[in-house]
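Reading through the structure tokens given below for one structure.
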């Protein structure tokens, strides 16, 4: 973890909070704070939950979960309980509580596991599933460095994993376990199975499929991600995640697709395309550091 002065952390927080800055700059500031860690970084992230951007607030919650610091728990609970926040933001706050992994959040997750907001209810159920696992099962590391909402399945057969993944009568937790196993296998066959699953299940399920396809960064998934991004009947949460996955894959095709939707009438999609195009540059330039705001504020 990089050391930074309080003044530098607060300056990065100022970039994050400044609504006049392009979203891509604010995202870089956010990920810089995530990488720095500590209470002051968390405070600077959490104070932006009053922002107008659903995309930014969703990403704030995601980063707080990935930091796995229990200092963030009260801020995340406040967001989860706030029905004025968008479902996409509240869902991410619930997922973050599961990622931090402290059992003292079980009561609040129990309270919302049957919420009428489906994305929130499903996320609370997943987070409870993760929290109730033995620690050695819940905290399995992966090559992507992410804290996942469920561990990979112990099943190794791709055929069996596909059956579980696409079975809408199976529990969401087991389907997620199959999803992460298929991601970890990372073969052309498993990537194609995941890509095809973008067309089935709830918005929450499809958005997580898009997320893991972004982690895999395989051009095989580009046509499927494009299909969901351009579908205006698709849930915004899914379209946004497809845009960011295309940004991570960062082929010329991805760049062209994202350029077409940079002015989408849905703000969360438009902003996601802006951030994704910035990610394309990062993926294609070996000298380009993404979370670079500390360097900028200390020049």
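Residue numbers (full-length UniProt numbering): 1 to 299.
Note that the Cβ used here is the ideal one computed from N, Cα and C, for glycine as well.
In chain order, 203 place their CB closer than 6 Å to the CB of residue 235, counting only its own chain and leaving out the 5 sequence neighbours on each side. Check the Cα spacing between residue 294 and each of 31, 18 and 20: the tightest is with 31. Excluding the 5 residues flanking it on each side, residue 181 has same chain C-beta neighbours closer than 7 Å at 152, 153, 155 and 161, in chain order. As for any alpha helix (DSSP H) of minimum length 4 sitting wholly inside the region 30 to 108, the runs are 39 to 46, 54 to 67, 73 to 81 and 87 to 100, ordered along the chain.
A direct Cα-Cα distance of roughly 11 Å separates residue 273 from residue 55. The beta-carbon distance between residue 165 and residue 122, rounded to whole angstroms, is 16 Å. This is too long to meet the 8 Å contact definition. In this structure, the CA atom of residue 158 is about 42 Å from the CA atom of residue 52. At the C-beta level, residue 64 and residue 98 stay beyond 8 Å of one another. At least 8 Å separates the beta-carbon of residue 245 from that of residue 205. Relative to residue 250, the option among 269, 141, 275 and 184 whose CA is nearest is 275. Counting other Cβ atoms within 10 Å of its Cβ, residue 254 reaches 16 or more and is therefore classed as buried. When the alpha-carbon of residue 198 is set against those of 110, 189, 226 and 62, the nearest one is in 226.
Around the beta-carbon of residue 34, 16 or more other beta-carbon atoms lie within 10 Å, marking it buried. Only buried fits residue 59, as 16 or more other CB atoms lie within 10 angstroms of its CB. For residue 192, the enclosing alpha helix (DSSP H) begins and ends at 188 to 196. With contacts defined by Cβ atoms closer than 8 Å, residue 96 and residue 62 form a contacting pair. Contact annotation, residue 57 with residue 85: C-beta distance approximately 7 Å; criterion of less than 8 Å satisfied. Around the beta carbon of residue 74, a 10 Å sphere encloses fewer than 16 other beta carbons of the protein chains shown; the residue is thus reported as exposed. Taken through DSSP and simplified to helix, strand or coil, residue 123 comes out as helix. Only residues of its own chain outside the window of five on either side were considered, and among them 236 have a CB closer than 6 Å to the CB of residue 266, listed in chain order. Taking C-beta atoms as the reference points, residue 77 and residue 41 fail to come closer than 8 Å. Take residue 215, set aside five residues on each side of it, and the residues of its chain with a beta-carbon closer than 6 Å to its own are 144, in chain order. Judged by DSSP secondary structure, residue 12 falls within the alpha helix (DSSP H) whose first and last residues are 6 to 17.
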